[in-house]
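Structure, as structure tokens:
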Amino acid sequence: MARDKQTDDDLLLDDELAAAFLADDESISESAEPGVVTTVTTVEEEYDIVPGQLAVDVYETEDKLVIKARTAGVNKSDLDVSIADGVLTISGTLSSGDDTAAIQWHVQECYWGEFSRTLVLPIPVKEDEVEAVLKDGVLAISFGKVKEKQPRKVQIQ
Numbered sequence: 000m001a002r003d004k005q006t007d008d009d010l011l012l013d014d015e016l017a018a019a020f021l022a023d024d025e026s027i028s029e030s031a032e033p034g035v036v037t038t039v040t041t042v043e044e045e046y047d048i049v050p051g052q053l054a055v056d057v058y059e060t061e062d063k064l065v066i067k068a069r070t071a072g073v074n075k076s077d078l079d080v081s082i083a084d085g086v087l088t089i090s091g092t093l094s095s096g097d098d099t100a101a102i103q104w105h106v107q108e109c110y111w112g113e114f115s116r117t118l119v120l121p122i123p124v125k126e127d128e129v130e131a132v133l134k135d136g137v138l139a140i141s142f143g144k145v146k147e148k149q150p151r152k153v154q155i156q
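So the sequence shown is numbered by numbering that gives the first Met the number 0: it starts at 0 and just counts up by one.
This is how it looks when you write it as structure tokens:
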């Protein structure tokens, strides 16, 4: 089936589309190629704006809620895990070691620095029944699940 041809009036211009997703303090510039917009921010500014976001997996077993996060290269002493009112926060610092001797970076793709992840747990858990284990670069946090009360049959008289 053929798509209806859209007019230019129906489409957002590249500048308008980019501006819709940029924060007020970021600037945009036209590249040499028409219609291509780039964001101008330094690496330092980017890391100052948002700390690294930690990816997590969350799943249930018969009697536990389990959260796993890949934390390779993070020392146990640099991790902080807290729980309050059904909200779990995992934060820490990933250190690249001593790179003060570097005089020029050619590629820097790895995130180094603070990271954090806060998530509302999807089910009620026993916050005092928690176990956190860091093994082979994976942080596994497990909580005992709160057993939901079964409805009680009320006798009508």
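Cβ coordinates follow ideal geometry from the N, Cα and C atoms, glycine included.
Does the stretch 139 to 149 come within contact of the stretch 111 to 127, defined as at least 3 CB pairs closer than 8 Å?
-> yes
Under three-state DSSP, which class holds E43?
-> Translated into positions along the sequence shown, residue 43 becomes position 44. At E43, the pLDDT of 49 sits below 50, so the modelled position is not reliable; the number obtained from the coordinates is stated separately. Helix at E43.
Where V119 and A71 are concerned, what is the direct C-alpha to C-alpha distance, given to the nearest angstrom?
-> Locating residue 119 in the sequence shown gives position 120, counting from the first residue. Locating residue 71 in the sequence shown gives position 72, counting from the first residue. Going from the Cα of V119 to the Cα of A71 covers about 24 Å.
Where the beta strand (DSSP E) containing K125 begins and where it ends = Position 126 of the sequence shown, counted from the first residue, corresponds to residue 125. Taken as a continuous stretch (DSSP letters only), the beta strand (DSSP E) holding K125 covers V124 to K134.
Residue range of the beta strand (DSSP E) that T92 falls in?
-> Taking the sequence shown and counting its residues from 1, the one referred to as residue 92 is at position 93. V86 to L93 is the extent of the beta strand (DSSP E) around T92.
Relative to the C-alpha of A54, which residue among W104, Q149 and Y110 is closest?
-> Here the question's residue 54 lines up with position 55 in the sequence shown. Of the candidates W104, Q149 and Y110, the one whose C-alpha sits nearest the C-alpha of A54 is Y110.
Per DSSP, cross-strand counterpart(s) of E61 | On the sequence shown, residue 61 is found 62 positions in, with the first residue counted as 1. DSSP, once it has assigned bridges, lists no residue as partnering E61.
Under a Cβ-count criterion, where at least 16 other Cβ atoms within 10 Å of its own Cβ denotes burial, should E130 be classed as buried or exposed?
-> For the purposes of this step, residue 130 is identified with residue 131 of the sequence shown, where counting begins at 1. The residue in question, E130, is exposed, as its Cβ has fewer than 16 Cβ neighbours within 10 Å.
Give the DSSP-derived three-state secondary structure of K75 in the structure shown.
-> Taking the sequence shown and counting its residues from 1, one reaches residue 75 at position 76. Residue state, collapsed to three classes: helix.
Check each candidate in D62, T60 and R69 and name the one with the smallest Cα separation from A139.
-> Reading the sequence shown from its first residue, position 140 is the one you call residue 139. Ranking D62, T60 and R69 by Cα distance to A139 puts R69 first.
To the nearest whole angstrom, what separates the beta carbons of V137 and K67, a pair I think is in contact under 8 Å?
-> In the sequence shown, counting from the first residue as 1, residue 137 sits at position 138. In the sequence shown, counting from the first residue as 1, residue 67 sits at position 68. That belief holds up - the Cβ atoms of V137 and K67 are roughly 6 Å apart, short of 8 Å.
Please confirm if N74 has its CB atom under 8 Å from at least one CB of chain B.
-> No chain B is present in this structure, which holds just one protein chain.
V80 to Q156 span [Cα, whole Å] = For the purposes of this step, residue 80 is taken as residue 81 along the sequence shown, with counting starting at 1. For the purposes of this step, residue 156 is taken as residue 157 along the sequence shown, with counting starting at 1. If I take the Cα positions, the gap works out to 52 Å.
Q52: which of D127, S95, I102 and I89 sits nearest, CA to CA?
-> As a first step, residue 52 must be located in the sequence shown, where it is residue number 53. Ranking D127, S95, I102 and I89 by Cα distance to Q52 puts I89 first.
Secondary structure of R116, DSSP reduced to three states = By one-based count along the sequence shown, residue 116 stands at place 117. Strand.
Using a Cβ-Cβ cut-off of 8 Å (strictly less than) and excluding sequence neighbours within five positions of K63, which residues of its own chain qualify?
-> Numbered from its first residue, the sequence shown carries residue 63 at position 64. So the list reads S141, F142, G143 and K144, once near-sequence residues are dropped.
What separation, rounded to the nearest whole angstrom, lies between the Cα atoms of E108 and D77?
-> Counted from its first residue, the sequence shown places residue 108 at position 109. Counted from its first residue, the sequence shown places residue 77 at position 78. The straight-line gap from Cα to Cα measures roughly 21 Å.
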